[in-house]
Amino acid sequence: MKPSTIVWAVLLSLLPIAELRGSIPFSLANGMPVAAAFALCVVTNMLVGPIAWLFLSTLHRVLSRWRPYATLFERIVERARRKVHAAVVRWGYWGLAIFVAIPLPFTGAWTGALGAWVLGMEVRKSLLAVAVGVLIAGVVVTLVAYFGIKAFSIFLKT
Numbered sequence: 083m084k085p086s087t088i089v090w091a092v093l094l095s096l097l098p099i100a101e102l103r104g105s106i107p108f109s110l111a112n113g114m115p116v117a118a119a120f121a122l123c124v125v126t127n128m129l130v131g132p133i134a135w136l137f138l139s140t141l142h143r144v145l146s147r148w149r150p151y152a153t154l155f156e157r158i159v160e161r162a163r164r165k166v167h168a169a170v171v172r173w174g175y176w177g178l179a180i181f182v183a184i185p186l187p188f189t190g191a192w193t194g195a196l197g198a199w200v201l202g203m204e205v206r207k208s209l210l211a212v213a214v215g216v217l218i219a220g221v222v223v224t225l226v227a228y229f230g231i232k233a234f235s236i237f238l239k240t
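Following this line, the structure appears as structure tokens:
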């Protein structure tokens with residue numbers, strides 16, 4: 083396993099679009115052991131919640147004075163609020179965890195943390211719910227990627 087694989091796995095885990103859906107399959111496809119890929123990518127993706135909350139609590143206030151940022155942020159916030167709101171209203175913090183756990187685009191840790199912040203949810207409980215969702219998503223993505231790679235490999239000559 084090359085150090086560049088680790089660096090790319092960490093970066094993909096932190097990117098809003100890729101998160102675990104990109105980092106775990108990338109890691110496995112590049113020869114990282116399953117347990118290492120799972121642990122590295124999940125732990126890194128769990129850092130997204132605190133990073134997002136810290137950004138929203140500090141830098142957002144300064145950047146929101148800049149019109150292009152404010153316009154873009156408002157669109158992103160509205161999308162996050164719409165997506166997270168229904169799950170949170172119905173199931174509370176478990177709804178937030180389930181929302182984050184669904185490994186589809188715009189349902190990961192970034193959107194979950196942003197949605198919780200917009201809805202005014204308690205910080206600690208929200209970050210715990212996001213972490214639980216990331217853990218569940220990590221299991222799902224790891225299983226799908228591992229068995230998908232195994233199934234696809236029967237078609238390749240080795």
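Per this note's numbering: the sequence shown = residues 83 to 240.
For glycine and all other residues, C-beta sits at the position ideal for the given N, C-alpha and C.
With distances taken from CA atoms, which of T126, I184, R157 is nearest L93? As a working note, residue 93 is residue 11 in the sequence shown. Nearest option by C-alpha distance: T126.
Backbone secondary structure at P187 - three-state DSSP: Position 105 of the sequence shown, counted from the first residue, corresponds to residue 187. Correct three-state label for P187: coil.
Determine the burial state of S47: buried for a count of at least 16 other Cβ atoms within 10 Å of its Cβ, exposed for fewer. This structure does not reach residue 47, given that the chain is present from 83 up to 240, and the question cannot be answered.
Does the beta-carbon of T140 have 16 or more other beta-carbons within 10 angstroms, so that it is buried, or is it exposed? Sequence index remark: in the sequence shown, residue 140 carries index 58 (1-based). Counting Cβ neighbours within 10 Å, T140 comes out exposed, since fewer than 16 surround it.
DSSP three-state label for W148, please. Looking up residue 148 in the sequence shown gives position 66. Note: W148 maps to coil in three-state DSSP.
From which residue to which residue does the alpha helix (DSSP H) around G131 run? As a first step, residue 131 is located in the sequence shown; it is residue number 49 there, counting from the start. Element bounds for G131: 130–139.
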